[in-house]
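A quick write-up on the structure given underneath.
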Amino acid sequence: MIQKDSNVSALQRVENELKKCVKCGACRAHCPAFAAWQREPAVARGKVAVAQHILKGDVGLDDQTYAIMSKCLLCGSCVEKCPNDVPTDEIVVTAREVLARRRGLTTFHKAVGQVIKNRRLMSFGALAAAILGPLFFRKVPQTSGLRLRFPLPFVGNRRHIPQIARKPFMDRHPEVIQGEPGKPRVVFYVGCMTNFVYTEVGEAALALFRHLGCTVIIPKGQGCCGLPGMSGGDLDTVRGLAEQNLAALEKYEADYVMTACATCGGALHKFYPALIGKRHPELATRIRAIADKTVDAAQLLQQLGLHPEETGVGERLKITYHDPCHLRTRNITRQPRELLKGSPGVELAEMEGADKCCGLGGTFNVYHYDASLKINEGKSAAIEKTGADAVVTGCPGCMMQLSDGLKQRGNRTRVMHTLEVLARALGK
Amino acid sequence: MIDSRIIQELKLIVGTDNVATDRQDLLCYGYDATQMEFLPDAVVHPGSPEEIAAILKLANAERFPVFPRGAGSGFTGGALPKGGGIVLVVTRLNRILRIDTENLVAEVEPGVVTEQFQQEVEKLGLFYPPDPASLKFSTLGGNVAENAGGPRCVKYGVTRDFVMGLEVVLPTGEIIRTGGETYKGVVGYDLTRLLCGSEGTLGIITKIIFKLLPLPEAKKTMLTIFDSIDGAAKAVSTIIGNKIIPTTLEFMDHATLQCVEKRFNLGIPAEGRAVLLIEVDGDRDLIEKQAARIQDLIRPLGLVECKIARDAAESEALWKVRRLVSPSLRDVNPDKFNEDIVVPRSKVPDVIRAIDRIRQKYDIPIVNFGHAGDGNIHVNVMVDKSVAGQEEKAHQAIGEIFQAALDLNGTMSGEHGVGLAKQPYIHLELKPAQVAAMQAVKKALDPNDILNPGKMFPRED
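What follows is the structure in structure tokens.
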């Protein structure tokens, strides 16, 4: 019998959730990690069983447990389809937290924690990468949506990553961009990928909300949402970032907190309440208040009545749409499609399995790059089959993964954000 | 029982990566949908019939038990390694080998997921009708081993009715073929039918030849709500009596409707006491006529409301009522015993009334839904195992429910099999001479009792 570890107490928080799993196996149909490994410990039901036995004290927090818990993309597909509403994503994060407490964070996750906690460090790193990157990395065509090949040892030299922007999005704009009187005040939670990499997404968001007359506020104090930390079980870092972001987002009176990144939206809307609010009751009310105001950009644009079709005829563009997990699990699937379809010149061709995870899964793709690519293969094939000029999505993280996957196959389909397509249709 | 030398031998057969002995791996292959749990000594993932044959030969030589497993979605513990031994997972054998559009047959490996197979044949305009509720994740091998059913059985029959031939590794390690790919064939005993529903006790299925049908042109879904259970049951016999065989006739009783309504608020009228979800398929013109005819036939039977879907989206919305049943049940009580009794379809109201008496006697919630067209009712005895005495009460009630089904010329399992869960009750249905005949077959094929031992029949010890 393995001595029960005192660190497992965090898992007791999810004990009742663990009991809900009846091992029916429905999660086998939807789990991308299971699709990649085809082994029971990789699927939600298996991870739940392992967590149950950690609590019973007959499974230790050893390498094998660590390996099993690492095989999850936190995509939430099992949670959505579970007949018994078992929140496996919360359970896995909690297990990772327990493992991190017992074993310490991995070097990679320690580094991630340090970087995401410190926006100045991130800015500096981004600047350095923007200047030095092209000297070290192999250039690939700009239109592919990614521009560099990453030679770092822990990611391997096969991976393609996008080039870092010379000037971050937030440094280009004032904190408050005044709109028309009587129009909504929208706080823009930018997120790291938009700020440092896909700045064009931020610009598109800005253009669209200004088009609608909204006042757009980009609070300076905001930082990373913390999900890369959550992915490694580093919930202390997530809590710190949640507090920082709450303070920044609460500073201005606003009707909405808007995100153009599915993952950031998922953090503010779902993960902060579920993981930080529950652990830190003193923050729960504030977290709830922000969560209730959090909307995805496409969702809000539709709600505010954006009508791209009124602007006339746009340049012809055949697209296909990929559902980011963190929008799909919030039921934001219809709005981006309706807006895209309504855009002049845009033809939407649905791909098979549009709602399936692209394989990024936060830091999952760093530890399990081969599995991540394997998951992505089906996605890339489905994109190819549509014959679309561009694959469009609402998450910069997915954009990076989709680009990498397509590039690996030598495919030159463009990767665009929903907001870029909409802004283009409006001539912005 | 299984020492490091045997583990080594197993690794030589299937490769090191395909043998797992870590505790975490073992417990991930020690459960299924029954809530029971037994730890195997090793988990083995063979990649070919020859490897399976070698494992079974080793098992006979060394006398260790082998438990075949597909997706592990069974409701009776058929794949659970009670007593220890190795779990033999067949999911690496997951290819659709061929779909013969000329002869309407397909050959598949056992690890193919049922829905994937259906989708592939439908792309070619063909149809594989068996549709167990677990079709999105259960495997075809498991479906054959358990002779799985589903809503479409009323018109098309169960898995067995589509199996034409098998390749099987016998418990002693010989690889044999049964049946074939001809529609007729009377040479020798019908081992194919014997193996369908044998719950992995007589052989490990490594290939399956399925019969296929042409894909019906269209289907039409109707949600009909009745003011009494008798009305719904009468509707079933009236429809079939008038020579219309719907694809599905799914039934939900009042307790089920209350559960669904409470949680999902679908707007089912208060006077609705039972629901029939009816689907017809076939030529487009024909199904329109059939739907209209069905409506005329059932109108005098206490029909409160009849919704007919006009397109696939509306059809899906109607099916949602049925699909939401399972998630709603947990609101009644946390633990569910899902039994799958069958009675002749005209006896459905009688068995529902009998179950209601049992419910009152034991004072525990019982929720019934299922496939009224073939008399297959899912009786869900809902309890809270953490409350002292509730589990025992449930077991007593289940025994009486089985007896009630048998008294009406029914059976205690239509789809789930016996496995471990129904063993205590098997003698209610099978007489000693029947059991002896079955056990003689088992003994002949598996003299050392190494393949899925302890399943189906209670052990003497």
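Chains as they are written, first to last, in our numbering: chain A, 871 to 1298; chain B, 186 to 646.
No residue lacks a Cβ here, since even glycine has one placed at the ideal position from N, Cα and C.
Judged by their CB atoms, threonine 1133 (chain A) and cysteine 1228 (chain A) are not nearer to each other than the 7 Å cut-off. Under the 7 Å criterion on CB atoms, valine 968 (chain A) is classed as non-interfacial with respect to chain B.
Using a Cβ-Cβ cut-off of 7 Å, leucine 325 (chain B) does not count as an interface residue toward chain A, since no Cβ of chain A sits closer than that to its own. Threonine 386 (chain B) is positioned such that its CB atom lies no closer than 7 Å to that of threonine 363 (chain B). By the Cβ-count criterion, alanine 333 (chain B) is buried, with 16 or more other Cβ atoms from all chains shown falling within 10 Å of its own Cβ. In the DSSP assignment, glutamate 435 (chain B) is bridged to B:Leu462, B:His556. Phenylalanine 994 (chain A) counts as exposed, since fewer than 16 other beta carbons sit within 10 angstroms of its beta carbon.
Cβ neighbours of glycine 1275 (chain A) within its own chain (closer than 8 Å, five residues either side excluded): Cys1228, Gly1229, Leu1243, Asn1246, Glu1247, Lys1249, Ser1250.
The C-beta distance from valine 298 (chain B) to isoleucine 410 (chain B) rounds to 34 Å, too long to meet the 8 Å contact threshold. For aspartate 525 (chain B), the beta-bridge partners assigned by DSSP are B:His563, B:Ser598. For valine 920 (chain A), a Cβ of chain B is located within less than 7 Å of the residue's own Cβ. Between the alpha carbons of methionine 1040 (chain A) and glycine 1091 (chain A) lies a gap of roughly 10 Å.
For chain A, the residues of the stretch 203-235 of chain B that bring a beta carbon within less than 9 Å of one of its beta carbons are Ala205, Asp207, Arg208, Gln209, Asp210, Leu212, Cys213, Tyr214, Gly215, Tyr216, Asp217, Ala218, Thr219, Gln220, Glu222, Val228, His230, in chain order.
For valine 293 (chain B), the enclosing beta strand (DSSP E) stretches over residues 290-293. The beta carbon of lysine 321 (chain B) falls within 7 Å of a beta carbon belonging to chain A, placing the residue at that interface.
Look at alanine 899 (chain A): its C-beta is under 7 Å from a C-beta on chain B. In its chain, beyond the 5 residues on either side, Ala1260, Val1262 have a beta carbon closer than 6 Å to the beta carbon of methionine 1286 (chain A). Legend: CB atoms of the stretch 948-972 of chain A lying less than 8 Å from CB atoms of chain B belong to residues Pro953, Asn954, Asp955. Sequence-distant Cβ neighbours of glycine 487 (chain B) in its own chain, meaning closer than 6 Å and more than five residues away, are Phe411, Asp412, Ser413, Gly416. For tyrosine 936 (chain A), the enclosing alpha helix (DSSP H) covers residues 933-940.
Taking arginine 1198 (chain A) as reference, the option from A:Ala1130, A:Ser947, A:Val985 with the minimal CA-CA separation is A:Ser947. Counting the other CB atoms within 10 Å of its CB gives valine 626 (chain B) a total below 16, which places it among the exposed residues. Of all residues in the stretch 891-915 of chain A, those with a C-beta nearer than 7 Å to a C-beta of chain B are Val892, Lys893, Cys894, Gly895, Ala896, Arg898, Ala899, Gln908, Glu910, Pro911, reading in chain order. Looking at the DSSP output, methionine 407 (chain B) sits in a beta bridge with B:Ile463, B:Ile493.
B:Ile551 is the residue among B:Leu351, B:Glu499, B:Ile551 whose C-alpha sits nearest the C-alpha of methionine 437 (chain B). Residue-level contact by beta carbon fails for alanine 582 (chain B) and chain A, as no gap is shorter than 7 Å. Note that the stretch 301-311 of chain B touches the stretch 393-400 of chain B; at least 3 beta-carbon pairs, one per stretch, sit closer than 8 Å. Burial check for isoleucine 240 (chain B): the Cβ neighbour count within 10 Å reaches 16 or more, so the residue is buried. In the DSSP assignment, no residue is bridged to valine 892 (chain A). In the three-state reduction of the DSSP assignment, tyrosine 216 (chain B) falls in the strand class, which pools E and B. Taking all protein chains in view, the Cβ of alanine 227 (chain B) is crowded by 16 or more other Cβ atoms within 10 Å, so the residue is classified as buried. By the Cβ criterion, the stretch 533-553 of chain B is not in contact with the stretch 277-285 of chain B, since fewer than three pairs of Cβ atoms, one from each stretch, lie closer than 8 Å. Contact with chain B is found for glutamine 934 (chain A), since one of that chain's Cβ atoms lies less than 7 Å from the residue's Cβ. Here DSSP, grouped into helix, strand and coil, assigns leucine 509 (chain B) to coil. Interface with chain A (7 Å Cβ-Cβ cutoff): glycine 334 (chain B) is excluded. Under the DSSP assignment, glycine 364 (chain B) falls outside any alpha helix (DSSP H), being part of the beta strand (DSSP E) whose first and last residues are 360-364.
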